[in-house]
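For the sequence shown, the working numbering begins at 1 and goes up steadily by one.
These notes are about the structure you will find just below.
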Amino acid sequence: MSMKCSNRQVDGVTIVDCSGRITLGEGSVILRDTVRELLSKGQKKILLNLADVNYIDSSGIGELVSAFTTVRNQGGELKLLNLTKKVHDLLQITKLYTVFDVKDEEAAAVKAFS
1 MSMKCSNRQV DGVTIVDCSG RITLGEGSVI LRDTVRELLS KGQKKILLNL
51 ADVNYIDSSG IGELVSAFTT VRNQGGELKL LNLTKKVHDL LQITKLYTVF
101 DVKDEEAAAV KAFS
């Protein structure tokens, strides 16, 4: 199953609905391209909805960190929304849970952007 991303706007925040697997190759490239494209359009408040992402490998984790750093370096914010238990546990194990701003509810996540 390949990865898909679709974007929508809510109160000035770009929500990227991701589904599938963020893995080495296609999945991480789609994520990288999506984030870069949003930044090039000046959209710097990005919320990654990972509710339908069922698997992330080490390359996918690297891509999430890279996206986070890229957005922050451009003066933006990147937050994560609706982690599955698998992805949540993975972020806990890798200690990245403390790096990312993770939300469980879309409305609260949108309000959390400054």
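Don't be surprised by glycine CBs; every beta carbon is placed ideally from N, CA and C.
Owing to the predicted nature of the structure, the values given are computational and were not obtained by experimental measurement.
| task | Closer than 6 Å by C-beta to Ser2: which residues in its own chain qualify, once you throw out the five before and the five after it? Chain order, please. | result | Gly20, Glu26
| request: Go ahead and pull the three-state DSSP assignment for Val99. | output: coil
| Should the segment 37-48 be called in touch with the segment 84-98, which here means at least 3 C-beta pairs below 8 Å? | no
| task | Mark Lys79 as exposed unless 16 or more other C-beta atoms lie within 10 angstroms of its C-beta, in which case mark it buried. | result | buried
| request: Whole angstroms is fine: what's the gap from Asn82's alpha carbon to Phe113's? | output: 16 Å
| said: According to DSSP, simplified to helix, strand and coil, what is Glu77? | reply: strand
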